[in-house]
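Chemist: Sending over a structure as structure tokens; questions will come in a sec.
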Amino acid sequence: MQKSGAVCSLVLMAWAANLAAQEPPAKIGFVDVERAIATVDEGKARLGELREWARPREEELARLGREIESLRSEVATKRGSVSEEAMAELNRRLVSRQREFEDKQRVARRDFEERQAVVLKEMGEKLTAVITQYADGNRYTAVFILEPNQLVYLANSADLTDTVIKLYNEKYPYAAGKK
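Following the numbering used here, the numbering of the sequence shown begins with 16 at its first residue and continues without gaps.
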């Protein structure tokens with residue numbers, strides 16, 4: 016009885032080894048999502064549009080920053096040479112401009128982050144679809160987001176970023192103003 020159990024075990028091990036030999040090796044890829052989004056035609060255009068949207072807000076903040084510095088300089092030079100009322104008025108103007116600057120900075124940052132999140136979400140969904148289709152078609156076991164600072168070594172064949180960029184541009188051709 017033990018002999019037949021051993022034979023059965025050997026047959027099962029041979030069958031499992033044969034099955035494992037037929038299974039293709041795991042195929043793993045990586046995509047640098049940040050580079051892909053910044054490089055695809057749509058990403059270049061939409062991130063450029065976002066920068067254009069932000070430019071007037073940055074200019075307004077820079078103007079307010081210069082005004083604040085001018086008021087600080089005025090407060091420093093007039094300290095001790097003007098009345099207390101005049102100093103109090105200068106300080107009120109300075110504090111008012113600083114608050115205005117901080118409020119506008121906070122609103123601009125929040126609005127920018129909201130707009131950026133929308134762009135990244137929309138493009139991320141499309142990028143995921145391209146990666147999934149490519150990975151399925153090429154029998155990848157897994158595709159990971161590439162974090163270059165987290166890797167010691169990555170074979171060129173495992174970096175799918177350039178392929179994904181090409182496929183994204185083919186699948187989602189971008190014309191300015193069209194999403």
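Cβ atoms here follow ideal geometry from the backbone N, Cα and C, with glycine treated the same way.
Taking contact to mean at least 3 C-beta pairs separated by less than 8 Å, is the region 127–140 in contact with the region 65–80?
Modeler: yes
Chemist: Determine the DSSP secondary structure at Gly256, reduced to helix, strand or coil.
Modeler: Any answer about residue 256 is impossible in this case: the structure gives the chain only from 16 up to 194.
Chemist: Which residues bound the alpha helix (DSSP H) around Ala144?
Modeler: Within the sequence shown, the letter at position 129 stands for residue 144. It spans 99–152 - the alpha helix (DSSP H) in which Ala144 sits, taken as one unbroken run.
Chemist: Using a 10 Å radius around the Cβ and a threshold of 16 neighbouring Cβ atoms, would you call Val48 buried or exposed?
Modeler: As a working note, residue 48 is residue 33 in the sequence shown. So Val48 counts as buried.
Chemist: Excluding the five sequence neighbours on either side, which residues of its own chain have a C-beta within less than 7 Å of the C-beta of Leu182, listed in chain order?
Modeler: Here residue 182 corresponds to residue number 167 of the sequence shown, with the count starting at 1. Only Val145, Tyr149 meet the Cβ criterion.
Chemist: So, is Val158 buried or exposed, given that buried needs 16 or more other C-beta atoms within 10 angstroms?
Modeler: Taking the first residue of the sequence shown as 1, we reach residue 158 at position 143. Buried, since its Cβ has 16 or more Cβ neighbours within 10 Å.
Chemist: Can you tell which of Arg121, Ile43, Asp56, Lys136 has the C-alpha that lies nearest to the C-alpha of Tyr187?
Modeler: Your numbering for residue 187 matches position 172 in the sequence shown. Of Arg121, Ile43, Asp56, Lys136, the residue nearest in Cα terms is Asp56.
Chemist: So what does DSSP say about Ala157, is it helix, strand or coil?
Modeler: Your numbering for residue 157 matches position 142 in the sequence shown. Strand at Ala157.
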